[in-house]
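Report on the following structure.
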Amino acid sequence: MTHPLLTKRWLYRADQDFGFASLSSGNGCEYYDQPCFFFQQAAEKYLKAYLIHGDLPFEKIHDLLRLLEVCSQEDASFKELEDEAAVLNRFYVETRYPEPVFVKFTREDMYKARSAVQKIQQLVRGKLGVDHEITTDEIKKAEEEADRQFRQQEKDAGE
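For the sequence shown, full-length UniProt numbering gives the first residue as 1, with consecutive numbering after it.
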């Protein structure tokens, strides 16, 4: 069973993280850690959207390599993204805390993170048949459709 509303919500959040990180990484930006973190977050949410769409069980984790492993059980093409996941995994903890090791990321790291998440984004969107950024209007329509289906199921159960 697919979950169109939940899938769209995860894609929306992924697109928001990706968009924010992209804007934050514009010309003259010298704050590299934050875009790197949000690129990692976007990748995580794109992968989770794929898993939710396919009704595939997964742990509540942030390890992109582990999420890819679960995705790969359904579709082997996800294995091709292991290098990208490894690049992005660094940005989950190391961008947020100064311990145990203080790491300062560079512009090059930020560009690598963006490139890595774009590859994950492309594969997930391709697999889900989504060729655009999810909008709030799409979320609203999906919520209305889910509500309509729920009311119909209740009506059918009462008959």
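No residue lacks a Cβ here, since even glycine has one placed at the ideal position from N, Cα and C.
C-alpha gap between residue i and residue j, whole angstroms
{"i": "Glu84", "j": "Leu65", "result": "9 Å"}
{"i": "Gln40", "j": "Ile52", "result": "18 Å"}
{"i": "Asp109", "j": "Arg148", "result": "46 Å"}
{"i": "Phe38", "j": "Glu80", "result": "22 Å"}
{"i": "Leu5", "j": "Ala49", "result": "10 Å"}
{"i": "His62", "j": "Thr136", "result": "25 Å"}
{"i": "Lys127", "j": "Gly54", "result": "10 Å"}
{"i": "Phe102", "j": "Tyr31", "result": "15 Å"}
{"i": "Gln118", "j": "Glu159", "result": "49 Å"}
{"i": "Ile139", "j": "His3", "result": "13 Å"}
{"i": "Tyr111", "j": "Gly28", "result": "13 Å"}
{"i": "Ala76", "j": "Lys155", "result": "41 Å"}
{"i": "Lys60", "j": "Ala86", "result": "18 Å"}
{"i": "Gly129", "j": "Arg151", "result": "27 Å"}
{"i": "Ala157", "j": "Arg107", "result": "58 Å"}
Boundaries (first-last residue) of the alpha helix (DSSP H) holding residue i
{"i": "Lys119", "result": "Arg107 to Leu128"}
{"i": "Glu74", "result": "Leu64 to Glu74"}
{"i": "His53", "result": "Asp33 to His53"}
{"i": "Asn89", "result": "Glu82 to Val93"}
{"i": "Asp137", "result": "Thr136 to Gly158"}
{"i": "Ser24", "result": "Pro4 to Ser24"}
Whether residue i touches residue j by CB criterion (7 Å)
{"i": "Phe58", "j": "Leu68", "result": "no"}
{"i": "Lys33", "j": "Phe105", "result": "Contrary to the premise, residue 33 reads as Asp rather than Lys in this sequence. Their beta carbons are under 7 Å apart, which means Asp33 touches Phe105 by this criterion."}
{"i": "Cys36", "j": "Ala116", "result": "no"}
{"i": "Glu82", "j": "Leu56", "result": "no"}
Contacting residues, own chain, Cβ-Cβ under 7 Å from residue i (five flanking each side not counted)
{"i": "Arg13", "result": "Lys45"}
{"i": "Cys71", "result": "Leu47, Tyr50, Leu51 and Phe78"}
Cut-off 8 Å between Cβ atoms - residues of its own chain near residue i, not counting five sequence neighbours on either side
{"i": "Gln121", "result": "Ala14, Phe18, Ala42, Ala43 and Tyr46"}
{"i": "Asp131", "result": "Arg125"}
Beta-carbon proximity list for residue i, same chain, < 6 Å, skipping 5 on both sides
{"i": "Ile134", "result": "Lys8, Leu11, Tyr12 and Asp15"}
{"i": "Val124", "result": "Tyr46 and Tyr50"}
Cβ contact (3+ pairs, closer than 8 Å) linking the segment 23-35 and the segment 135-154: Contact between the segment 23-35 and the segment 135-154 is absent, because fewer than three Cβ pairs lie under 8 Å.
Any 3 or more C-beta pairs closer than 8 Å across the segment 4-15 and the segment 73-92: no
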